[in-house]
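Below is one structure, written out as structure tokens; the observations come after it.
Residue numbers (the numbering used here): 12 to 107.
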């Protein structure tokens, strides 16, 4: 019941590309904040904001993934119940 569809598998190349893109963008933002001509307290505020943004993005992605998986399992359970009811029902046997 926990097996995923074949269409949801991620290739190694896509995973590597996503990891590299995340690393480059994160380092770019941190480097941009470091070289801004502003005071250190402003720089720290921007740095904390970026870190909070990154962690909340990971949390949101996990929540969305968990909701999709739960919906998939729920649909599978409903289908299994319906198949069981149909298998148990025999229209040729009278209920009396």
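Just so you know, even glycine gets a beta-carbon here, dropped at the ideal spot from N, CA and C.
- Just so you know, the alpha carbons of residue 22 and residue 92 end up roughly 34 Å apart.
- Within the model, the alpha-carbon separation for residue 51 versus residue 86 is close to 53 Å.
- Here residue 27 is not near residue 44, since their CB atoms are 8 Å or more apart.
- Taking the C-beta atoms as reference points, residue 41 is found no nearer than 8 Å to residue 65.
- Short of 6 Å from the beta carbon of residue 70, and not among the five residues preceding or following it, lies no beta carbon of its own chain.
- Going by DSSP, residue 69 is part of the alpha helix (DSSP H) stretching over 51 to 99.
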